[in-house]
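Numbering (this note's numbering), first residue to last: 28 to 287. Glycine included, each C-beta is placed from N, C-alpha and C at the ideal position. Okay, so here's the structure we're looking at.
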């Protein structure tokens, strides 16, 4: 299913997007060495409830997971990169943490992810990976406009990642979003320009470049959810939900502090 949102729905999408970003950055500001991943999940659950919103994750049970997910935020640490199931783990200095959050409010969903290093020890390689995903995300957004094709976005994202020296997995990537969290079209993190679905105003996309330092192969934890690099290499992930407008794209998952 591909949805094209009307102006009233787009207005709701902006509210949901801001909420997702505010929760992510509030959690980031609270995380310190020693924070337990289950604490992060509880904070997120409370903030979603306080906003009168719904989790897109707690009852999520797709074919590739061992569902339902049962938690409110994805917490991926170090070599984990996607669908990180919160568990009883206290973060250490230098851990590379990815937070991925999707929320539904007033019938419209938004999805975003951020990666950052916990504490004061920051390996240059970790910072470089995070920055590469952020640059790739910006390139994908810059390519998004009416008349562009999904392949144009995938090519822009993949070019940044491969030029930075990272292998690219195309099994999991970006996606359409709207009244549900995951919709068509699928947006791979590498692709050929000029191919795929033609973008139209009112389309919402969640773009999410993610990488592993030295491999494009994933393995699944015994929990049935958490996806890790097959080599144990570190990982990074950045994501925004965007709306296609008449003349480009608008980032919906910006925190309220950055809104005009």
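| Asked | Found |
| --- | --- |
| Based on Cα-Cα distance, which residue from 277, 180, 51 lies nearest to residue 221? | 180 |
| Using the rule of at least 16 other Cβ atoms within 10 Å of the residue's Cβ for burial, across every protein chain shown, is residue 256 buried or exposed? | buried |
| For residue 41, does the count of other Cβ atoms within 10 angstroms reach 16, so buried, or fall short, so exposed? | buried |
| For the candidate residues 90, 245, 234, whose alpha-carbon lies nearest to that of residue 258? | 245 |
| Where in the region 184-211 do unbroken runs of the beta strand (DSSP E), each at least 3 residues long, occur, reported from the N-terminal end onward? | 201-203 |
| From this set, 172, 188, 250, 230, which residue's C-alpha is nearest residue 103's C-alpha? | 250 |
| On the criterion of 16 or more Cβ atoms from any shown chain inside 10 Å, does residue 75 qualify as buried, or is it exposed? | buried |
| Whose CA, out of 270, 260, 88, 71, lies closest to the CA of residue 234? | 270 |
| With 16 other CB atoms within 10 Å as the buried threshold, where does residue 262 fall? | buried |
| What is the residue span of the beta strand (DSSP E) that residue 262 lies within? | 262-264 |
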